[in-house]
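Residues 0 to 217 in numbering that gives the first Met the number 0 are what the sequence shown lists, from first letter to last. Just so it is clear, CB atoms sit at the ideal spot from N, CA and C, and this is done for glycine as well. To keep things clear, I will list the structure first and then write my remarks on it.
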Amino acid sequence: MTVDVLPDHGFSAMLFDMDGTLINSIAAAENVWAKWARSHGIDVASFLPTIHGRRAIDTIASLNLPTIDAAAEAAFITQAEIAEVQGVEEIPGAAAFLSRLPLSRWAVVTSAPRQLALTRLKAAGLPIPQVLITAEDVERGKPEPDGYLLAAKQLGVDCTDCLIFEDAEIGIAAALAAGGLLVVVTATHIPSGPGYLAQHHTLQDYIEDGEVLLRKLK
């Protein structure tokens, strides 16, 4: 299904993941994480697919590496990613689309720390949202729904009355758990989860489908 067959009724707000949904930062992120993985003797090819959509601290903690301080390593990764903005760019049409949304009607919910999120949004030329939920704002990161629920609360709407845009399996799980209507963004990759594309609305970019989406705000 694509966004041109969204339900007839409107929605109160739109909630967006950041990386892979509004911006393409895959090359920059994977470059940093690949260097870190090699320094710890981790197989890069099998490890990189696991980093997308999760907070850095959750990714590192899940490895159960002995003598590793997950918080310290996550802070190191964050600083390295902040310095690695070459090639970070918007998903086609994202900046223009967001600029047409009222600030009170959209939010960004990302697993990135706030400083990194702001750096990447600016590097990609995107507007800074009034509501920006980052890694520090929730105790439980994606795939838990906490970030999306908090964003909806701060916007003063119910999450079930929101369109939620996601690209990675971890984030998709969070969006579904939050109860919003999922739009799967396929601009940078195709999620491998079962039935994602067949069961949910999809979006390749914000140019062709932007007008359709704008009409969905109440």
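Item: Suppose you measure from the CA of A95 to the CA of L64; what does that come to, to the nearest Å?; Value: 43 Å
Item: Mapping the DSSP letters down to three states, classify V156 as helix, strand or coil.; Value: coil
Item: In terms of alpha-carbon separation, which member of P101, S24 and I50 lies closest to E88?; Value: S24
Item: Residues in the same chain with beta-carbon distance under 8 Å from P6, minus the five sequence neighbours each way, listed in chain order, please.; Value: L180
Item: Would you give the residue range spanned by the beta strand (DSSP E) that T201 belongs to?; Value: H200 to L202
Item: Taking the alpha-carbon positions, what's the T77 to T159 distance?; Value: 32 Å
Item: Which same chain residues, not among the five before or five after L14, have their C-beta less than 6 Å away from its C-beta?; Value: A106, V108, Y147, A150, C161 and I163
Item: If we count Cβ pairs, one from each stretch, closer than 8 Å, do we get three or more for the segment 131–141 versus the segment 47–59?; Value: yes
Item: Using C-beta distances below 7 Å, list every residue in its chain close to A167, excluding the 5 sequence neighbours before and after it, in chain order.; Value: G19, H51, G52 and P190
Item: Given a cut-off of 8 Å, decide if V183 and I171 are closer than it, judged by their beta-carbon atoms.; Value: yes
Item: What would DSSP say about L5, mapped onto helix, strand or coil?; Value: coil
Item: For the alpha helix (DSSP H) containing V130, list its first residue and its last residue.; Value: Run containing V130: none in the alpha helix (DSSP H); it sits in the beta strand (DSSP E), V130 to I132.
Item: Residues in the same chain with beta-carbon distance under 7 Å from L213, minus the five sequence neighbours each way, listed in chain order, please.; Value: R99
Item: Please go through the same chain and pick out, in chain order, the residues whose beta-carbon is closer than 8 Å to the beta-carbon of E29, but skip the five residues on each side of it.; Value: L47 and I50
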